[in-house]
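Numbering (UniProt numbering), first residue to last: 1 to 92. Accompanying notes for the structure given below.
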């Protein structure tokens, strides 16, 4: 089974998600932005979700994680929980 390790930032609006993505692309640390802005408890860990397999996350999240390049900020990805920025840190 393929496993991925990823981190994410969860916010309520697409606009906020785009703003945070621009901040990260402008040089801010993904982990620090997650700590400051993510509404998910993982934000306290810099957005770190650990490792997980296909089907363990909601479909939109799963699709983005398993079909993207490593170490690239992906998003906004809309799910039932809100808007996510994702960064896949490993896949095996």
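By construction, the Cβ of each residue, glycine as well, lies at the ideal position given by its N, Cα and C atoms. Note that the structure is predicted; figures quoted are calculated from it, not measured.
### Task
Let me know if residue 86 comes out buried or exposed under the rule of 16 or more other beta-carbons within 10 Å of its beta-carbon.
Residue mapping note: residue 86 aligns to position 86 of the chain shown, counting from 1. Burial call: buried.
### Query
Which two residues bound the contiguous beta strand (DSSP E) that contains residue 91?
One-based indexing of the chain shown puts residue 91 at position 91. Counting along the chain, the beta strand (DSSP E) containing residue 91 begins and ends at 82-91.
### Task
Evaluate residue 70 with the Cβ neighbour count: other Cβ atoms within 10 Å of its Cβ, from every protein chain shown; 16 or more gives buried, anything less gives exposed.
Walking along the chain shown from the start, residue 70 turns up at place 70. Burial call: exposed.
### Assumed close pair residue 73, residue 16 - CB separation to whole angstroms, cut-off 8 Å
Here the question's residue 73 lines up with position 73 in the chain shown. Here the question's residue 16 lines up with position 16 in the chain shown. 14 Å between Cβ atoms; not a contact.
### Task
Since I believe residue 4 is in contact with residue 66 (beta carbons under 8 Å), could you give me their beta-carbon distance rounded to a whole number of angstroms?
Mapped onto the chain shown, residue 66 falls at position 66. Mapped onto the chain shown, residue 4 falls at position 4. The distance from the Cβ of residue 66 to that of residue 4 is about 6 Å, consistent with a contact at the 8 Å cut-off.
### Task
Check whether the Cβ atoms of residue 54 and residue 48 sit closer than 8 Å, and answer yes or no.
Mapped onto the chain shown, residue 54 falls at position 54. Mapped onto the chain shown, residue 48 falls at position 48. No. Outside cutoff.
### Query
Whose CA, out of 68, 90 and 60, lies closest to the CA of residue 77?
As a working mapping, residue 77 is identified with position 77 in the chain shown. That would be 60, whose Cα lies nearest to the Cα of residue 77.
### Task
State the Cα-Cα distance for the pair residue 2 and residue 68, rounded to the nearest angstrom.
Walking along the chain shown from the start, residue 2 turns up at place 2. Walking along the chain shown from the start, residue 68 turns up at place 68. In this structure, the alpha-carbon of residue 2 lies about 14 Å from that of residue 68.
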